[in-house]
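>
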Amino acid sequence: MVEGGDDGEDEREADGDGKTPRERARRLATRLRFLRMRERTANFEDREAIRREIRRAEEELTRLADAGGFEVDVDVRRER
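Per the working numbering, the very first residue in the sequence shown carries number 1; after that it's consecutive.
1) Identify, in the order they occur along the chain, each residue of the same chain with its Cβ nearer than 6 Å to the Cβ of R63, setting aside the five sequence neighbours on each side.
2) If we call anything under 8 Å between Cβ atoms a contact, is L35 one with E53?
3) Quick one: give me the first and last residue of the alpha helix (DSSP H) that T30 is part of.
Put into structure tokens, the structure is as follows:
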């Protein structure tokens with residue numbers, strides 16, 4: 001999932017959600033795996049919508065990792 005950095009340091013953002021970027025990245029990584037499983041069995045129309053959602057989640061995960069200074073496992077980021 002998410003690697004690196006010091007889990008003890010306070011990374012809380014001012015957006016008020018009370019979660020650190022690392023915690024949000026973990027939840028997003030889990031959501032990405034779920035979406036990819038759904039993508040495999042979805043019909044064409046649903047698959048296209050799921051792929052758009054996957055792209056948005058991948059972009060957000062990349063932003064969180066870059067901003068938080070931590071790494072994300074390769075299995076979470078799709079190889080293109």
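Even for Gly, the Cβ is constructed at its ideal location relative to N, Cα and C.
Quick look at the numbers:
1) Translated into the one-based positions of the sequence shown, residue 63 becomes position 63. The beta carbon of R63 sits closer than 6 Å to no other beta carbon from its chain once the five residues preceding and following it are set aside.
2) Along the sequence shown, one-based indexing puts residue 35 at 35. Along the sequence shown, one-based indexing puts residue 53 at 53. Yes; because the gap between Cβ atoms is below 8 Å, this pair is in contact.
3) Here the question's residue 30 lines up with position 30 in the sequence shown. Residues P21 to T41.
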